[in-house]
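**Student:**
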Amino acid sequence: MPPMTDRSDPLAPRLLICDVLFTGMGGAQSPGGVVVAGGTVAATGDPAALRAAYPHAREEVVGGVIAPPPVNAHTHLDMSRYEFTALPYFRWIPEVVVPQREKRSVEAALHGADTLRGLGAGGVGDIVYMHAPEVMDALLAREDLSGVLYYEALGTFPDRADDTFRTIRERIQRWRRLERPGGPRVGLSPHTPHTVSHRLMRLLCDYAAGEGLPLQIHVAEHPAEHELYTRGGGPIWDNRLAAFYPDTFAEVIGRAPEPGLTPVRYLDELGVLNAKPTLIHMVNVTPDDIARVARAGSAVVTCPRSNHHLECGVFPWAAFAAAGVEVALGTDSVASGGSLDVREDVAFARTLHPTLDPRVIVRAAVKGGHRVLGSRAPFIRRGEAWNEAYLWR
Numbered sequence: 001m002p003p004m005t006d007r008s009d010p011l012a013p014r015l016l017i018c019d020v021l022f023t024g025m026g027g028a029q030s031p032g033g034v035v036v037a038g039g040t041v042a043a044t045g046d047p048a049a050l051r052a053a054y055p056h057a058r059e060e061v062v063g064g065v066i067a068p069p070p071v072n073a074h075t076h077l078d079m080s081r082y083e084f085t086a087l088p089y090f091r092w093i094p095e096v097v098v099p100q101r102e103k104r105s106v107e108a109a110l111h112g113a114d115t116l117r118g119l120g121a122g123g124v125g126d127i128v129y130m131h132a133p134e135v136m137d138a139l140l141a142r143e144d145l146s147g148v149l150y151y152e153a154l155g156t157f158p159d160r161a162d163d164t165f166r167t168i169r170e171r172i173q174r175w176r177r178l179e180r181p182g183g184p185r186v187g188l189s190p191h192t193p194h195t196v197s198h199r200l201m202r203l204l205c206d207y208a209a210g211e212g213l214p215l216q217i218h219v220a221e222h223p224a225e226h227e228l229y230t231r232g233g234g235p236i237w238d239n240r241l242a243a244f245y246p247d248t249f250a251e252v253i254g255r256a257p258e259p260g261l262t263p264v265r266y267l268d269e270l271g272v273l274n275a276k277p278t279l280i281h282m283v284n285v286t287p288d289d290i291a292r293v294a295r296a297g298s299a300v301v302t303c304p305r306s307n308h309h310l311e312c313g314v315f316p317w318a319a320f321a322a323a324g325v326e327v328a329l330g331t332d333s334v335a336s337g338g339s340l341d342v343r344e345d346v347a348f349a350r351t352l353h354p355t356l357d358p359r360v361i362v363r364a365a366v367k368g369g370h371r372v373l374g375s376r377a378p379f380i381r382r383g384e385a386w387n388e389a390y391l392w393r
């Protein structure tokens, strides 16, 4: 029998052992291992089984996660020059968003795209500010960016909805002609159910459904939304810029606020969930809300650090998982999330949800993100090229 190869041999295959392995297929496993030989994946699976099958492999306990690069499924790249500030939601908007608004720019968006490239992000779901459409042109031209660029829509006056929609549709049609295979796709983002009138919301979502456009909507981010939909008042209405709103909230949503009405129920009864939008945040929801989202087949993106920094609450991940809802992760803007590295949100989510299997969180960051964006994760499997970016440091 020939002698066994010394495991210290630098030319021997490497057996990389981690705490969580997600290959891009099925579910994740813990612990996990990957055998790499000559820059190619030779095998994946349970570390003990891999040791037995590859006794000559040089073992490296890398810890942490081995998985395809995670997807940042929700952010605002044009805010990438903002200073990160953790403040309660109703202080953060007037003290951070408004005073630094001159920092929203094409240059900031390109800086954010450069940051994502440096992080090796698996894709991005970016919201393009309605009042900076030139950002869309700049990001569509990037050959190193993949995912979806959602053009933001706002407009609370129902009688102005047709004109607003016409302008948005013309821009979307022009931008779609600039899409390239493998590059970012164009989508739509009606901002929130309370900053977009019921008529504009329906026009946008019906159009998106008919054209196959991806949709993202911020929903149920802050607890104050409950008061807004149940009685038409509260902190959100009190802090609005009156010139940009009709006299009552009922005019915005086209119905009277009532006990038990939530943003999710409102969207469902308006017919918006038929378009299967991706719903962002979804922190302050009811069991009925979760059931409606599950029936509609909509996905959800959670932004753990941003929700924590703005004191919005904790995403009820276990309840969504039990209902079979697809979950992805995003950083939100650097102003509230702190960075564009969604791996930091994965780590933070593990502290927020200590009873949730960490394999669920890692899978959400990869597979969930790709499903939201309509893309596919690379597979870590026998015969595929090994990439050191699969080691989440």
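Counting along the sequence shown from 1, when you hit position 114 you're at 114 in the UniProt record's numbering, and nothing is skipped either side. Every residue, glycine too, gets a C-beta built ideally from N, C-alpha and C.
(1) Please state the DSSP three-state secondary structure of A37.
(2) Please return the same chain residues whose Cβ sits closer than 6 Å to the Cβ of G374, not counting the five positions on each side in sequence.
(3) To the nearest whole angstrom, what separates the beta carbons of E60 and L15, a pair I think is in contact under 8 Å?
(4) Among the candidates K367, H76, F157, whose CA atom is the shortest distance from the CA of Y245?
(5) Is P316 a contact residue of the ligand MG, with contact defined as CB to any heavy atom under 7 Å?
(6) Please work out which residues of its chain come closer than 7 Å, Cβ to Cβ, to L261, disregarding the five sequence neighbours upstream and downstream, and give them in chain order.
(7) Any chance the region 304 to 324 sits against the region 47 to 56, with 3 or more Cβ pairs inside 8 Å?
(8) Measuring alpha carbon to alpha carbon, tell me which of D206, G254, C205, M136 ends up nearest S197.
(9) By alpha-carbon positions, which one of A52, S339, M201, R381 ends up nearest to M79?
(10) For the alpha helix (DSSP H) holding L119, just list the boundary residues, first then last.
(11) Where does M4 sit, in a helix, a strand or coil, going by DSSP?
(12) The beta strand (DSSP E) with residue 396 in it runs from where to where?
(13) Shorter than 8 Å from the beta carbon of S306 to some beta carbon of chain B?
(14) To the nearest angstrom, report how far apart M1 and H56 are at their CA atoms.
(15) Tell me the rounded alpha-carbon separation between R160 and K276.
(16) Enumerate, from N- to C-terminal direction, the unbroken beta strand (DSSP E) stretches of 3 or more residues contained entirely within the region 116 to 195.
(17) Does the beta-carbon of N239 have 16 or more other beta-carbons within 10 angstroms, so that it is buried, or is it exposed?
(18) Got a sec? Which residues, its chain only, sit under 8 Å from G64 by beta carbon, not counting five neighbours each side?
(19) Which residues in the same chain as H222 place their Cβ atom closer than 6 Å to its Cβ, once the five residues preceding and following it in sequence are excluded?
(20) Whole-angstrom Cβ separation of D114 and G147, contact assumed at under 8 Å?
**Tutor:** Quick answer:
(1) As a first step, residue 37 is located in the sequence shown; it is residue number 37 there, counting from the start. Looking at A37 - three-state DSSP - the assignment turns out to be strand.
(2) Looking up residue 374 in the sequence shown gives position 374. Cβ contact annotation for G374 (same chain, cutoff 6 Å, sequence separation greater than five): none.
(3) As a working note, residue 60 is residue 60 in the sequence shown. As a working note, residue 15 is residue 15 in the sequence shown. E60 to L15, Cβ: 7 Å. Contact.
(4) Translated into the one-based positions of the sequence shown, residue 245 becomes position 245. Residue F157 is the option with its Cα nearest to Y245.
(5) No copy of the ligand MG occurs in the structure displayed, which carries no ligand at all.
(6) Position 261 of the sequence shown, counting from 1, holds the residue named residue 261. Cβ within range, chain order: Y229, T230.
(7) no
(8) Along the sequence shown, read from residue 1 onward, the residue named residue 197 stands at position 197. Taking only the C-alpha atoms, the option nearest S197 is G254.
(9) For the purposes of this step, residue 79 is taken as the residue at position 79 of the sequence shown. Residue S339 is the option with its Cα nearest to M79.
(10) Residue 119 sits at position 119 when you count from the first residue of the sequence shown. Unbroken alpha helix (DSSP H) run through L119: 106 to 119.
(11) On the sequence shown, residue 4 is found 4 positions in, with the first residue counted as 1. With a pLDDT of only 43 at M4, under the threshold of 50, the placement of this residue in the model should not be trusted, and no figure is reported.
(12) Lying before the first or after the last residue shown, residue 396 is absent from the chain, which here runs from 1 to 393.
(13) No chain B appears in this structure, which consists of one protein chain only.
(14) Start at 1 with the first residue of the sequence shown, and residue 1 comes out as number 1. Start at 1 with the first residue of the sequence shown, and residue 56 comes out as number 56. Its pLDDT being 34, under 50, M1 is placed unreliably in this model, and the value from its coordinates should be taken loosely. Using only the alpha carbons, I get a separation of about 14 Å.
(15) As a position in the sequence shown, residue 160 is number 160, starting the count at 1. As a position in the sequence shown, residue 276 is number 276, starting the count at 1. Per the coordinates, the alpha-carbon of R160 lies some 25 Å from the alpha-carbon of K276.
(16) 124 to 128, 147 to 153, 185 to 190
(17) Residue mapping note: residue 239 aligns to position 239 of the sequence shown, counting from 1. Using a 10 angstroms sphere on the CB of N239, the tally of other CB atoms stays under 16, which defines it as exposed.
(18) Along the sequence shown, read from residue 1 onward, the residue named residue 64 stands at position 64. Only C18, D19, V20, L391, W392, R393 meet the Cβ criterion.
(19) Taking the sequence shown and counting its residues from 1, one reaches residue 222 at position 222. Taken in chain order, the residues that qualify are Y89, C312.
(20) Sequence index remark: in the sequence shown, residue 114 carries index 114 (1-based). Sequence index remark: in the sequence shown, residue 147 carries index 147 (1-based). About 15 Å separates the CB atoms of D114 and G147; that is not less than 8 Å, and the two are not in contact.
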